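A.B. asks: Residue 282 is where the sequence shown starts when you use my numbering, and the numbers rise one by one after that. Before I ask anything, here is the structure I am working with.
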Amino acid sequence: MGEEFLAALLSLSLSGACLMGLAEVLARLLRGRIPPGVRRLLWLLVLIRLLCPWSISGGLLDRGTAELRQAVGPEQSTQALKEVPSHTAPSYEITEHEETGRQIDLAAGLTALWAAGFLGALARRVVAYGRMCRGLRRTLRPAGPGERAVFARLTQGEKGVPTLRVSPAAPTPMLAGLLRPRLILPELELSQEELEGVLSHELTHWRHRDLWIKWLAALAVCVHWFNPAARLLAERLDRDCELYCDQTVARNWDRSRRARYGELLLRLAAGGKGNPSTALFSQKQRLEERLTAMMNGKTYGKKAFALGAAACLTLALATTALGAYTGPAAEKPLADLTEVSRPENTPDVLSWPVETGDTVELSSLFPGRVHPITGEWKEHGGIDLPQAGGTPVLAAADGAVVAVGYSAEDGNCVLLQHGSMTTKYAHLQEYTVAPGETVSAGDQIGLVGRTGTATGDHLHFEVALDGTRVDPLDYLDQSVAAVMGGAEPQ
Numbered sequence: 282m283g284e285e286f287l288a289a290l291l292s293l294s295l296s297g298a299c300l301m302g303l304a305e306v307l308a309r310l311l312r313g314r315i316p317p318g319v320r321r322l323l324w325l326l327v328l329i330r331l332l333c334p335w336s337i338s339g340g341l342l343d344r345g346t347a348e349l350r351q352a353v354g355p356e357q358s359t360q361a362l363k364e365v366p367s368h369t370a371p372s373y374e375i376t377e378h379e380e381t382g383r384q385i386d387l388a389a390g391l392t393a394l395w396a397a398g399f400l401g402a403l404a405r406r407v408v409a410y411g412r413m414c415r416g417l418r419r420t421l422r423p424a425g426p427g428e429r430a431v432f433a434r435l436t437q438g439e440k441g442v443p444t445l446r447v448s449p450a451a452p453t454p455m456l457a458g459l460l461r462p463r464l465i466l467p468e469l470e471l472s473q474e475e476l477e478g479v480l481s482h483e484l485t486h487w488r489h490r491d492l493w494i495k496w497l498a499a500l501a502v503c504v505h506w507f508n509p510a511a512r513l514l515a516e517r518l519d520r521d522c523e524l525y526c527d528q529t530v531a532r533n534w535d536r537s538r539r540a541r542y543g544e545l546l547l548r549l550a551a552g553g554k555g556n557p558s559t560a561l562f563s564q565k566q567r568l569e570e571r572l573t574a575m576m577n578g579k580t581y582g583k584k585a586f587a588l589g590a591a592a593c594l595t596l597a598l599a600t601t602a603l604g605a606y607t608g609p610a611a612e613k614p615l616a617d618l619t620e621v622s623r624p625e626n627t628p629d630v631l632s633w634p635v636e637t638g639d640t641v642e643l644s645s646l647f648p649g650r651v652h653p654i655t656g657e658w659k660e661h662g663g664i665d666l667p668q669a670g671g672t673p674v675l676a677a678a679d680g681a682v683v684a685v686g687y688s689a690e691d692g693n694c695v696l697l698q699h700g701s702m703t704t705k706y707a708h709l710q711e712y713t714v715a716p717g718e719t720v721s722a723g724d725q726i727g728l729v730g731r732t733g734t735a736t737g738d739h740l741h742f743e744v745a746l747d748g749t750r751v752d753p754l755d756y757l758d759q760s761v762a763a764v765m766g767g768a769e770p771q
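Structure follows, in structure tokens:
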């Protein structure tokens, strides 16, 4: 559990960092050529990658992490299929492999370290936000009639609008509250034009759902507290949310009104303090950039939005190609073997399950061997045939498909029944048959692969007679010479 969580977390963090780098490059290349709203969308795509554990399978990180975990070998596997002898075809149950104390301690230690960093970062933000809200709550009062009139005009026809309040503890106009938002004004003497400007600004933040976005960015920083890319993302999102809001509010203003609004920003900045909200002025060092962008009043045409769409599409395609590791493939239980009628005839001779010439190479035999390094006896329920990935796997005799599925140890596997005999084909890249189908000797049933705990491409082949595993070499065609090759591939 801990290992899978850490693998998924680090994969999401790495893929998010790569996408953040790409988004930063795109934003710099297109500086001044795409609107801040499009840049904001680029950052949102990266934010989704950092927080969303779902990923299209087959991405670079998904394949790379899965192959790395497979390469560790069967000792790292948490589950395996154990064959239970019976008087019918073998049945299977899930059993747990014993993990070493060192592996468990390392995974638990790293998980505890991450949890400590996450909870600490989250607690700091929640405590600061709670302290601010308590201070505001003690001093809140209803807005005056003039403020309410302007607010009603700006929100006419809209549903679920924030509640308008005034508080002397508010350093700047702000939104607070995710589920029940409040638009809080400081106790300042504002002209009707200034009041309309600050209310329009905060209402635009509300319409853009910026408070939700900023809290999700804060959550990403807490989850990926060890990743500087997450902090850079939060900073970029905060900046472009403000620039996009300014652009939206001032779109139809003339230059003189933009200048007066800029003076209001300077006045608010002189008494503003940072807080975890969508404050009108969030960071003083950005004020110059905001004022410059507002006074320029640049408009963007179709070309700018086409460039923005191309940038977003590039980032989305990169997200799909890069992917992320989200855990092992879901295990599919093997079909109930009793549901399929068994063939009446049990074969005396089996065909080899792969194409052969005069000889065929084996890498491991039944029932096991003495490990050359540890000297320990290692059981092995069948034989291993090293073959190139994608090599066709063939039915060893006429029979019926009684089960197909996936297990953590055997990977994709197929079980065929031939009278009182069963044959199993494991670690397949994929299977091409379904339970209930009948096959003839030599029919293709799958492809050689390295799924499950296999660390190299090979076919693991087992034979059971009346529920008891037997040596496949006693039944395979003796005209083909079996030759021992390299080391055991799993």
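Every residue gets a Cβ at the ideal spot worked out from N, C-alpha and C, and that includes glycine. Note that the structure is a prediction, hence the values are computed from the model and not measured.
(1) May I have the straight-line CA-CA distance separating A433 from L445, to the nearest angstrom?
(2) Thinking just about the alpha-carbon of each residue, which of D758, D639 and C414 is nearest to the one in W633?
(3) Helix, strand or coil: how does DSSP classify E743 here?
(4) Would you report the Cα separation of T703 and G670, rounded to the nearest angstrom?
(5) So the beta strand (DSSP E) K659 belongs to, where does it begin and stop?
(6) Who are S645's beta bridge partners in DSSP?
(7) Assuming A689 and G733 form a contact by the criterion Cβ under 8 angstroms, report the distance between their Cβ atoms to the nearest whole angstrom.
(8) Hey, quick one: how far does the beta strand (DSSP E) through H505 stretch, first residue to last?
(9) Under 8 angstroms between the Cβ atoms of D491 and W324?
(10) When burial is assigned at 16 or more other CB atoms within 10 Å of the CB, is C333 buried or exposed?
(11) Is any non-hydrogen atom of the ligand ADP found closer than 7 angstroms to the C-beta of R571, if you look at the structure I gave you?
(12) Can the beta-carbon of V729 be found less than 8 angstroms from the beta-carbon of V674?
(13) Between which two residues does the alpha helix (DSSP H) containing C593 stretch?
(14) Applying the 10 Å Cβ sphere with the 16-neighbour rule, what's the burial state of G680?
(15) Can you grab the Cα-Cα spacing for the pair K495 / L549, in whole Å?
(16) Tell me which residues share the same chain as E660 and place their Cβ nearer than 7 angstroms to its Cβ, disregarding the 5 neighbours each side in the sequence.
(17) Quick check on this structure: which residue in L300, L524 and N577 has the alpha carbon closest to the alpha carbon of L594?
(18) According to the neighbour-count rule (16 or more other Cβ atoms, all chains shown, within 10 Å of its Cβ), is V629 buried or exposed?
(19) For H708, does the three-state DSSP call read helix, strand or coil?
(20) Looking at the structure shown, is P634 part of a helix, part of a strand, or coil, going by DSSP?
(21) Who does Y525 pair with in a DSSP beta bridge?
(22) Just the C-alpha distance for H482 and R314, rounded to the nearest angstrom, thanks.
(23) Quick one: is T640 buried, meaning 16 or more other Cβ sit within 10 Å of its Cβ, or exposed?
(24) Please state whether the Cβ-Cβ distance between A402 and C526 is less than 8 angstroms.
(25) Buried or exposed: which applies to P423, given that a residue is buried once 16 or more other Cβ atoms fall within 10 Å of its Cβ?
(26) So, using beta-carbon positions, are A777 and A676 closer together than 8 angstroms?
(27) The beta strand (DSSP E) that contains I315, what's its start and end?
(28) Looking at chain D, is there any beta carbon in it that lies within less than 8 angstroms of the beta carbon of V408?
(29) Checking the sheet assignment: what are the DSSP bridge partners for S688?
C.D. replies: So, to answer that:
(1) 10 angstroms
(2) D758
(3) strand
(4) 24 angstroms
(5) W658 to E660
(6) D665
(7) 6 angstroms
(8) Taken as a continuous stretch (DSSP letters only), H505 belongs to no beta strand (DSSP E), as it is neither H nor E.
(9) no
(10) exposed
(11) Questions concerning the ligand ADP fall outside what the structure shown contains, since it holds no ligand whatsoever.
(12) yes
(13) K583 to L603
(14) buried
(15) 21 angstroms
(16) P648 and G649
(17) L300
(18) Contrary to the premise, residue 629 reads as Asp rather than Val in this sequence. Per the 10 Å Cβ criterion, exposed.
(19) strand
(20) coil
(21) DSSP output for Y525 lists no bridge partner at all.
(22) 24 angstroms
(23) exposed
(24) no
(25) exposed
(26) Given a span of 282 to 771 for the chain in the structure shown, any question on residue 777 remains unanswerable.
(27) Element bounds for I315: n/a, residue is neither H nor E.
(28) This model lacks chain D altogether, as it is built from one protein chain only.
(29) G692
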